Each structure stands twice: as structure tokens, then as C-alpha cells.
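Going down the list, the sequences are from chains A and B.
If you're matching positions, the first sequence starts at 1 in full-length UniProt numbering and goes up one per residue.
If you're matching positions, the second sequence starts at 1 in full-length UniProt numbering and goes up one per residue.
Working notes for the structure below.
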Amino acid sequence: MEVGEVSRDRRKLTYLIEDATVSPAKSLDIGLLQSIKALVRSSDANVRTAFDTLFDKLQRQHSQVRFLAVLLIDELFTRSKLFRSLLVPKFEMFMLLTIGYRDDFPLPKPPDRATLLRTTSMELVEKWNDTFGVHYKQVRLGYEYLKKTLRLQFPNLRAATALAEQQRQEKEARTQALILKKYESLCQNFSELRTEIHTTLDEIAECCKILELESASALEDNEPVLEADLESLVFGDDEYEEYGDSSLRRELHKEVPEQVAVTEKLKETTDNSALFETLRDLYKLVESNHLRTTQEWLSILTRVDVSDTRSRDAVLKEVIDLRTQLLGSLVKCESLGIDRTEKASTSRFTVGEVDDDIIWEPGDAEADKDLGEIASTSYAFNMEKESNNSLPSDKELHSSSAVTQSEAKKERAETGPRAELLEKAPILPYGSFLDSWGATSDVPANQRGLEMDNHWGRFDSEAMIPGDKIAEMNVRSSFYKPPEREIVPCRAPLKKGGLCPRRDLFRCPLHGPIIPRDDNGNPIRTLEIDTSAAKPADKAPMEEFSDINKEDFLSASSSSKNASSSITVADLAKEAIANVRERDEAEARKRRDEKVKAKRTQSKRDREHNDAVLRASALSGTCQELFGEEFDDVAKMRIGKKRARGGLTALLKKNPTVKERIAQRLLNGRARENAMNELARVEEARHRDAAANQWN
Amino acid sequence: MWRGLRGREVGATRPRSLATHVRADRVRQINLSGHKEIVSAHNSGINSLQIDCTEARYLLAGAADGSVGVYDTQQPTFMDSAIKVAKHEALFTVDKSVPQGHIYSVTCVQWYPVDTGLFVTGSFDKKINLWDTNTHQVELQFEMPEKVHAIAMSSIAATHMLVAAGTEDVRIRLCDLASGACTHTLSGHRDGVWALQWSATSEWVLYSGGCDGAIRFWDIRRAGCFQVLDQNRSQIERRSNVTSSTQRQELASAPVGSSSTSEMQRPVAKRTKPSTVSKPSKIAKIKDPGVRRSHPGMTLANDRSTAHHGSVTALQTSDDGLNLFSAGTDSRVRLWDIESGRNTLVNYEATKIRTHQGTQLAVSMDSSLLFVPSAHSLQTYDVWSGRMHSKLVGHYGNVNCCAFLAEDQELYTGSSDRQILVWSPPKSVTVEDQEEVPKAGVAAVCEDEDAWSD
Numbered sequence: 001m002e003v004g005e006v007s008r009d010r011r012k013l014t015y016l017i018e019d020a021t022v023s024p025a026k027s028l029d030i031g032l033l034q035s036i037k038a039l040v041r042s043s044d045a046n047v048r049t050a051f052d053t054l055f056d057k058l059q060r061q062h063s064q065v066r067f068l069a070v071l072l073i074d075e076l077f078t079r080s081k082l083f084r085s086l087l088v089p090k091f092e093m094f095m096l097l098t099i100g101y102r103d104d105f106p107l108p109k110p111p112d113r114a115t116l117l118r119t120t121s122m123e124l125v126e127k128w129n130d131t132f133g134v135h136y137k138q139v140r141l142g143y144e145y146l147k148k149t150l151r152l153q154f155p156n157l158r159a160a161t162a163l164a165e166q167q168r169q170e171k172e173a174r175t176q177a178l179i180l181k182k183y184e185s186l187c188q189n190f191s192e193l194r195t196e197i198h199t200t201l202d203e204i205a206e207c208c209k210i211l212e213l214e215s216a217s218a219l220e221d222n223e224p225v226l227e228a229d230l231e232s233l234v235f236g237d238d239e240y241e242e243y244g245d246s247s248l249r250r251e252l253h254k255e256v257p258e259q260v261a262v263t264e265k266l267k268e269t270t271d272n273s274a275l276f277e278t279l280r281d282l283y284k285l286v287e288s289n290h291l292r293t294t295q296e297w298l299s300i301l302t303r304v305d306v307s308d309t310r311s312r313d314a315v316l317k318e319v320i321d322l323r324t325q326l327l328g329s330l331v332k333c334e335s336l337g338i339d340r341t342e343k344a345s346t347s348r349f350t351v352g353e354v355d356d357d358i359i360w361e362p363g364d365a366e367a368d369k370d371l372g373e374i375a376s377t378s379y380a381f382n383m384e385k386e387s388n389n390s391l392p393s394d395k396e397l398h399s400s401s402a403v404t405q406s407e408a409k410k411e412r413a414e415t416g417p418r419a420e421l422l423e424k425a426p427i428l429p430y431g432s433f434l435d436s437w438g439a440t441s442d443v444p445a446n447q448r449g450l451e452m453d454n455h456w457g458r459f460d461s462e463a464m465i466p467g468d469k470i471a472e473m474n475v476r477s478s479f480y481k482p483p484e485r486e487i488v489p490c491r492a493p494l495k496k497g498g499l500c501p502r503r504d505l506f507r508c509p510l511h512g513p514i515i516p517r518d519d520n521g522n523p524i525r526t527l528e529i530d531t532s533a534a535k536p537a538d539k540a541p542m543e544e545f546s547d548i549n550k551e552d553f554l555s556a557s558s559s560s561k562n563a564s565s566s567i568t569v570a571d572l573a574k575e576a577i578a579n580v581r582e583r584d585e586a587e588a589r590k591r592r593d594e595k596v597k598a599k600r601t602q603s604k605r606d607r608e609h610n611d612a613v614l615r616a617s618a619l620s621g622t623c624q625e626l627f628g629e630e631f632d633d634v635a636k637m638r639i640g641k642k643r644a645r646g647g648l649t650a651l652l653k654k655n656p657t658v659k660e661r662i663a664q665r666l667l668n669g670r671a672r673e674n675a676m677n678e679l680a681r682v683e684e685a686r687h688r689d690a691a692a693n694q695w696n
Numbered sequence: 001m002w003r004g005l006r007g008r009e010v011g012a013t014r015p016r017s018l019a020t021h022v023r024a025d026r027v028r029q030i031n032l033s034g035h036k037e038i039v040s041a042h043n044s045g046i047n048s049l050q051i052d053c054t055e056a057r058y059l060l061a062g063a064a065d066g067s068v069g070v071y072d073t074q075q076p077t078f079m080d081s082a083i084k085v086a087k088h089e090a091l092f093t094v095d096k097s098v099p100q101g102h103i104y105s106v107t108c109v110q111w112y113p114v115d116t117g118l119f120v121t122g123s124f125d126k127k128i129n130l131w132d133t134n135t136h137q138v139e140l141q142f143e144m145p146e147k148v149h150a151i152a153m154s155s156i157a158a159t160h161m162l163v164a165a166g167t168e169d170v171r172i173r174l175c176d177l178a179s180g181a182c183t184h185t186l187s188g189h190r191d192g193v194w195a196l197q198w199s200a201t202s203e204w205v206l207y208s209g210g211c212d213g214a215i216r217f218w219d220i221r222r223a224g225c226f227q228v229l230d231q232n233r234s235q236i237e238r239r240s241n242v243t244s245s246t247q248r249q250e251l252a253s254a255p256v257g258s259s260s261t262s263e264m265q266r267p268v269a270k271r272t273k274p275s276t277v278s279k280p281s282k283i284a285k286i287k288d289p290g291v292r293r294s295h296p297g298m299t300l301a302n303d304r305s306t307a308h309h310g311s312v313t314a315l316q317t318s319d320d321g322l323n324l325f326s327a328g329t330d331s332r333v334r335l336w337d338i339e340s341g342r343n344t345l346v347n348y349e350a351t352k353i354r355t356h357q358g359t360q361l362a363v364s365m366d367s368s369l370l371f372v373p374s375a376h377s378l379q380t381y382d383v384w385s386g387r388m389h390s391k392l393v394g395h396y397g398n399v400n401c402c403a404f405l406a407e408d409q410e411l412y413t414g415s416s417d418r419q420i421l422v423w424s425p426p427k428s429v430t431v432e433d434q435e436e437v438p439k440a441g442v443a444a445v446c447e448d449e450d451a452w453s454d
């Protein structure tokens, strides 16, 4: 029994490790890891098996496999003493396979995984050296060898964290000292500052009171509220506080605060304006000075670490009170129409300036616009002139500009002489000869950017190739290519349905000369159009060929003689058509219906097929990630291959610790999430399928 | 062990046998030392190591960056309390900053056999330096025509102070420390000489191995070599194991002199295995400096014979001086019978020797284990069967040299990864108990236990 169990365990472990090391992920599968650990823990023989298997994996020529194996080794190395004692004698080999410090044993292929493998294993070696170096000299020696002899850069995590911690503490101590100093000075000066702030607050309160009183006694004005006009606001401003819809007004007010303030100052009586002025000053003072200082105090008081907490709390309380008072006064001021945007503008604007601005600005804008127009037109003019100039000076140049700009032509429609030139421009294939197109300057012959000894004689570094020589060398020869011409199918109706697909130049051996026919294969009599369209069709550019209708086809592929023959056939056909047209049409309709029907069934079948494919792929691709974690690895093993089962679950169930149960629950949650995602994806895919005809 | 002690106490076993037994046991358990570390002061690979012959305490190391360091193997410089390891730092190093110091790789180092006041180093800068240990200065410098690969001094020499130097040149030069001049030139090799070893029995006999694959025996009092080892001349049985270990111990402890040792050995060899020795009297004559005879090695056929198919990288005599180990770049280690000059055909399996310079072999004190540097590891072999006993893994570069400290049964290896590693038997229980006390204070490092959190 024991022998059988051992061999089964071994087989299972091998499978599990195989499974765990083949995934493309950058971390181990938690479920697999759990079961491997549980299995390895159960007996020493399993540890040995695991070690052997993992070492085999390490020797595989694939960095990803090695990487996962290293992660797994780390898990076991930190846990099992036996595993450690097994690995340590082979530590040199281990480092060779994972860090690849020797040139003759480089790490295998996926390069990104190779670097990952190297950094990870170096971290691990460092970690192991920290924890187990005392007991395992090989590890220590290996680490020292890498570090001191090969001088590899270790991440040096422990030292780094220690250093960071120390730096942080130092910094904290410094700031604490600073704060303490500030706190002391604050305690000394607090009473003075407090009185100062209080006086400011009192002044603000006074001002506000006076203003309120005034406004209460003032007249009402029934201007429409929503009017954004400046004048109306000016007039309506004085009494706005009495209105029920003052909030709306306030909003409006904020939109054009400076004008309002200015106009207030303008239109108000002198004592009122003075009040406003002081209020504004106070506002500024409170906002820029007092608020900031209180904020600072607050931060100092909350951060300071003193033994006498009671005095600090008292001060803190007072500061908070002060701050709320200040904020309240600020709100009051704002409700009176004093805003922080005012600060900059009030000092600058005077009445005249405002008017000036208003008058001047549109003019300015117009001027700008004019200037812009002039600039743009002149620019365009210049461009035209340029192209004109370049035309006679060098015949190559103009064609070059045409060539380079032929692409640009598609984007923006060009007019004028430029367009004409573009039309004339030759179309050339792209090549490096375009670099020096139209260049007239001389070119240095022997300057390739390389210092070269010339074995074949004197080396003249100043040799120049004259520009016209370059131009001569750039002359390109081209061969005449006859314009492609499409050979039209015969399109005579066939007995078995459909049209004759034969393509002959002039005459179909079965159906006689090729004539234009309509969709049902009936010849069209196109005598008049033929003659008129005969001439220009030859000249038609290539791109238009697809658009050419049947009349043109005929003429394009024919001479006048052919045209005359087509006329006689057309006459004959005319009588025939008259007789059979109705019958034909009926047949054609029937056929069309059948075709549509067939198409529909086909598309239906397509859709069903797509559905099936989707379902299959969704099932096969995701069932593992959906349910694998839930069912644990045993389920996985069942799905994947026929493998030994039982035992593993029993092992897991034997001692379901709290930790395990929590892990299980977490895993279930994750699985549910995965399932939701998967459903959404399937839904989306189905939608896509409905839109597309064939999708596989 | 307790039984052994008891047996020794009551006189059931011979007094030496227990010690020998314990030593042999310890040597067989040798592995990477967990309590002793040498902090390498060199910036590149270690090429040569030697432990001094007088105190068996100071380790001399020559490195590829031209530096030479001396380490104390007994007294640690400091204890690394975090990992409970005694660290041995270099007592001093000399490098190219010292006047006349070596500028290129130091390939071989050698203590002066009589005391630790002098040592000799040879280097790729074609110099052989004699250093004063106390002043760290060069006392004497020999200029060689080519890069120096090997130097050797006889540990039993009573009448000369010669340093044998093998270079890339075909000739071996003997430099006299007393006069500061080159006294002899031994020519016979067809390529550079990478390995040199003085005989353990005669102060006049020198063994040399060259890149031409030949191992030659020289008697420095006479011209030419007197024997060239041929790998195809073999004897199946070994003949040196006739003395029991206790007898050998006694032999080793006897006053060492060329004549006395050979006098003692000859009858033993004769008496026990007369059949294997074809002409015992003749061989004895070779050893005997007084007898004049023509050298059999000088005949043309023998002169061409080779001991290895590649270069000979290392030579090492066994403790009793009867056998010679040689390693070659054909990845072979051979065991030779010195007296007969025959290959004993012991197959040391699976070695991998691919060096471009001389290496060092080491033999445990009772000639039971052979240590062979093999690529990145050091392999220990049973001398007589050739079976691999263990593979000592720990270096991350080619192992170039090794030195065995017989007193503590410790092995020192130097490698291209610039480390000098200590290999020792595991600590005994009593010592570990003492170590338990400071262990409690260290909490930062993890216990070496299973830690299955889930």
C-alpha cells in the first residue's frame, strides 16, 4: 500500500509541478501552489521528488519555465529543511541556471522573461542569504561570489529599506524640531495676533452693518433679473439685497463682478464708495494674510508633538474659532459683492479706461482680422507666385513640386494655376531619386561620412559633382504601358439560368457579337449614345474605368465597323424581345425570389454556426479559469487530462485550517468575478456576430 | 570512540592506532567548514597554497593579481558573532607595491622548509623572489628566462638550499639560496615544466612533470635524468602497502635522512614482494648516490615515453615517499611506484582537469585519501582503489590548489573565484555545546527548521 501511495504521490506531484510551470503568467497559480505545498509537506519522499522535478524544470531551455520553477523553489526552500539541504549542494548549478552569470551558459530564450528570471533569482539569493546564510555556507559563498567577485548589482533590499527608514526618521525629526520652534514662537505672539485679527473682524462687521442699513433704506428697482446687460446691472445693483431672487442675482453678479464694482463705485454716493473701498481692503487683508496665518497655525498645532497638550488644545480651539469667524466675515463680504477677482481689476480700471477698452477692442479685433486676412492672402499669393516662378526656371522643379503635392491635392481642393499644373504633372513611383529632385547645387563626391584609406590612388576629398551632372544622372527612362482595358463578359442569358460569363474581345463563339445588355441579359439598343460616346472613351483615364457604363464599354472595345454590326443585331433582337420579355421577366422574378430565399437560409445557417463556435470557444477557453479555482486542482486535473485523483482533496480536507477556509472564500469571489467578465464578453461577441455576416 | 579509548587504556590496542583511527575517521568526514573561514585578501584567483612545514600553522597563498598573503590557520582574527564563524584574515600581504614585488600572477609559493622566516614565490613576470617574512621585503631575486610555473624546495635537504624552478623554458633551473645564483640546469624536457617535486626520501632526487607529458626523475649530482616514467609500463599490484599503518607511522617519525630511509625501506620491499621488483638491486643502486651506472632513461626509446597524454599539471609524493601521484590535462590521475617507475594502474574515476597552469594535489597523512582539484570541485579518492570518496563542492571557479593540514585534518583550497575555503571535519559535540551560549542573543536570523505556514 505504501509503495503504491508513494508512487501515486510522486506522479501527482510531477503532474502538479508540470502544470504549475507551464503557464505564461508571471506568478504561480495559487491553487496549484497550495496543493503542491500540501503534498510536499506530507512526506520526505515527496520533497525529494519535488526537488528532482523542479531541478529538471530548471534545466529546460525556456526562461518562463525556469522562472516559475524558481518561484516554486523559493516557496519550498523557505519552508522545508530537507529541500534546503537538497538544493544547497547544487547551489552553483542553481545559480548558473537562474542567474546565468557565465557567458557559456546564457539564459534561454524569451529575453524579457530571462531578465525577469535573473532579477527574481538574484533577489531570492539575497533573501536566502539573509535568512539562511548562517546555516548554509554554500548560499553565503554563492552570494559573496556573485557580489564580490562578479560584482553583480544586487537589489540589496534589506539595506535599502533600512536606509529609507532611517532617512524618513531623520526627516521627521527635523520637521518636528522646526514645528516645535514655530509652535513656541506662536505661543509667544498669539495674543497680539489675535487682537489684530479681532480688530479686523470688528471693522468688517461695522462696514457691513452700515452698508446693510443703507441698502435697506434705498429704493427698489424692478429690472428683469436675467438681463445680462451691463447697464441694467448697473442700475439694478443698488437694491438687489431686498429681492427674493437675490441668489440668482448674486450669480449674475459674479459673472460680471468688476463692472458691478466699478459701477458701484461710480454710481454710489461718495460715503458708500469709501465704505466699499475699506471693505475691499479688509477683505483682501483677511484673505491674503489672516486666513493664511490661521491655516498655518492649524497645521502647526495639529502636527506639533509637545508634552503639554492642554495649552496646545486651548490654543488650537481659539485658532479654530478665529478661523470660522474669518470665514464667516469673508462670506459676508462676498455677499456684499466683494470678490477676490476684484482685487486685480479694481486698482487698474478707471471710468475712461473702461470706455476706451470697449471702444478700442472691437476695432482692434477687426484690425487683427484684417491683418490676418491680408497675411493669409499674401501668403497664398506668394505661394502661387512661387509655383509660377519655379515653373519656367526649371522644368524638373515644377514637376517635382507637382509630384510631392499630388498627395496633398486630395486633402484640400486647389484652384488656379496650381491645379492646372498638378493636372499636367507626371505621376512617378516613389524612390530615393526624389531626394535630389530639382537640386541644382553641386554635390561633394567623396564625403560619405567615413574616414577611408583609398588604396587605389590619390584621394580627393574636395571633388564635387556638378549640379547638371546630377540632374543628368537623375533622368529617368520609362516605358510605354498600354492602358489596361477590361474585357466585358458576354452576358447573354443562358438556358439554365444566369448570364454567360465568357469574356471575348469582340465576339462570343456561342452568342455572337458582344453587345451591351441589361441585368437580365436583354440587349439594349444604344445606337445614338454609341456614336456620340465612341470618341472620348479612348481617352478616359484609368480611374474612371470602373464607372464607365455599358455604352462606353462597347465603344471602347470597338471600331466603327463593330458598332455597325451591333446595330443590326440590336434590330433583330428588338423584335424577339417584344415577344419573350414578359415571360422572361416572370422567370427572372421567380429566380430572384429563390435566390433571396437561399441567401437568407445561408445567413441563418452562418449565424447558427457562429453561435456554436462562440459557445464552444467560451466553454473550452474559460471553464478552467471559471471553475478551476472553485473545484480546486482536482477538478482541474480531471478536465485537463486523465490523472490520478483523490488523495489530494483528502489531504486538503484533512485539516482545513482557518487560513485555508479564508483562502477558499477569496478564491470563490475571484471566480465569480471572472465568470461575470466572461459573460459580458460572450454578450459582446454575440452582438458583433449579429452585425457581421461571417465571423469565425 | 570510548571503546577505543578504553582499549588504549588497558593496552589492548597499540597506543598510536587509536589516534590513527580517529584521524582517518575525521578525514573521511571532511566537508565545508562551518566554523572557520579565511577572508581572502586577494583580488583574483588563488594559484598556489602551502602550509609551512615547521609549525603547520601558517598558510601561504599566491594569487593571480601578483599578491601573496600569509594566513594564520590557528588563531582567528575575529569572530563573526552573527554567523558564529571564526574569520581568519591575512596576517600580511605583499604585492606589486612592494619594491621588486611580482607584477604578474604568482603561480607558486613555497615556505622555506626550515623555518617560517623566508618564503619563495615564482611568478609569470619571470622572477623568483625570496621574501623575508618579518620585513615583508624581497631578499633575493632570481631572473628566469621564461614564466615560472613551479618551484620546489626539498623538505629533507640537509646539505643544500636549492630551489628547483620549472618555467616555460624546457630546462629546469636550480637556484641556490645560499649563493643567490643558478647552480644547475637540468635539460631533458621538450616543453615547459609545470610540476616539480623533491623526493621525500633523498635530498638529491627531483621529480619533474612537463607539458610534453613526461615525468622525469633527476639526480642533481649527475647530468641528465635517470628515469622517464612510462604510462604503459605498469604493474598491477602495489607494493608499498606492505607495512601496516603503525609501522609506517614509526617509519615517518624516524629521523629523516636519505640514506637511513632507503636503508630501511629496501629490505622491507625485498622481503615481502620480491616477485614484483624485477631488479631490486639495480633500483637500490639508483637510490644509492655512490654507485655509478648508466641511466636506463637515457636510451632513446625510454626518453620518448610519456606519463600523460597531455601536460603533467601536478606531482605529489605520498607521505612515505614510495609513491608518486601525478595529474595531467588528459584528466587522469596516476599513481606511480617510485622505485620501479611503473604505473600502478589505479583508476581514479571521473576527474576533470582542464587547467592552463600547474595545480596541486594533496594526500592525507596516512596516504589513504587523495585530494584532486577537478573543475569547480575538489574530489577525494581512496588512494588504493581509486574510488571517489566524496566531492567537495563550494567553489564557484576552477579549483587551482589545495593544501592539507595534517594536524587538524583540515584542507585548504584556493580557486579562481578568489576564495580560500576551509574544509574540515564536523565539530565534535562538546565544542558545539560551548557554542550554544552566544546563540541565544542572535534573533535576527532564521532557525534552520521546517517552516510550513500552510
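Glycine is no exception: its CB is placed at the ideal position from the N, C-alpha and C atoms.
No experiment lies behind these values; they were computed from the predicted model shown.
- Using a Cβ distance threshold of 7 Å, residue 95 of chain B and residue 149 of chain A do not count as a contacting pair.
- The DSSP-derived three-state label of residue 282 of chain A is helix.
- In this structure, the CA atom of residue 417 of chain A is about 56 Å from the CA atom of residue 582 of chain A.
- Here residue 166 of chain B really is in contact with residue 172 of chain B; their C-beta atoms are around 6 Å apart, less than 8 Å.
- At a C-beta separation below 7 Å, residue 79 of chain A has these neighbours in chain B: 450, 451, 452.
- Taken in chain order, the unbroken stretches of beta strand (DSSP E) that lie wholly in the UniProt repeat "WD" (392–424) of chain B and span 3 residues or more are 399–405, 410–415, 420–424.
- Going by DSSP, residue 297 of chain A is part of the alpha helix (DSSP H) stretching over 291–303.
- Collapsing the DSSP output to three states places residue 675 of chain A in a helix.
- A straight-line Cα-Cα distance of about 25 Å links residue 192 of chain A and residue 176 of chain A.
- In the DSSP assignment, the residues bridged to residue 167 of chain B are B:148.
- Residue burial annotation: residue 498 of chain A is exposed, with fewer than 16 other C-beta atoms found within 10 angstroms of its C-beta.
- According to DSSP, residue pairing for residue 380 of chain B in a beta bridge involves B:371, B:390.
- The residue from A:145, A:169, A:600 with its alpha-carbon nearest to that of residue 129 of chain A is A:145.
- Taking a cut-off of 8 Å on C-beta distances, the segment 101–114 of chain B does not touch the segment 78–86 of chain B, as fewer than three cross pairs fall below it.
- In the three-state reduction of the DSSP assignment, residue 43 of chain B falls in the coil class, being assigned neither a helical nor a strand state.
- Taking 7 Å as the threshold, the shortest C-beta distance from residue 92 of chain A to chain B falls below it.
- Here residue 421 of chain B is actually not in contact with residue 177 of chain B; their C-beta atoms are around 32 Å apart, not less than 8 Å.
- Secondary structure note for residue 98 of chain A: its alpha helix (DSSP H) is the uninterrupted segment 91–98.
- Residues of chain A with a Cβ closer than 7 Å to the Cβ of residue 103 of chain B do not exist, since the nearest Cβ in that chain sits about 22 Å away.
- Pairing residue 435 of chain A with residue 467 of chain A gives a Cβ-Cβ distance that is not under 7 Å.
- Of the candidates A:5, A:58, A:43, A:44, A:58 places its Cα closest to the Cα of residue 17 of chain A.
- When the five nearest sequence neighbours on each side are left out, the beta carbons in the same chain lying within less than 6 Å of the beta carbon of residue 183 of chain B are those of 174, 176, in order along the chain.
- Secondary structure at residue 336 of chain B: strand, using DSSP grouped into helix, strand and coil.
- The C-beta of residue 205 of chain B has 16 or more other C-beta atoms within 10 Å across all chains shown, which makes the residue buried.
- By the criterion of a C-beta distance shorter than 6 Å, residue 49 of chain B is surrounded in its chain by 61, 401, 403, 412, 414, once the five residues flanking it on both sides are discounted.
- Only 141, 142, 144, 145, 146, 148, 149, 150 from the segment 141–155 of chain A bring a Cβ to less than 9 Å from some Cβ of chain B.
- Burial is judged here by how many other beta carbons sit within 10 angstroms of a residue's own beta carbon; residue 327 of chain A has fewer than 16 and is exposed.
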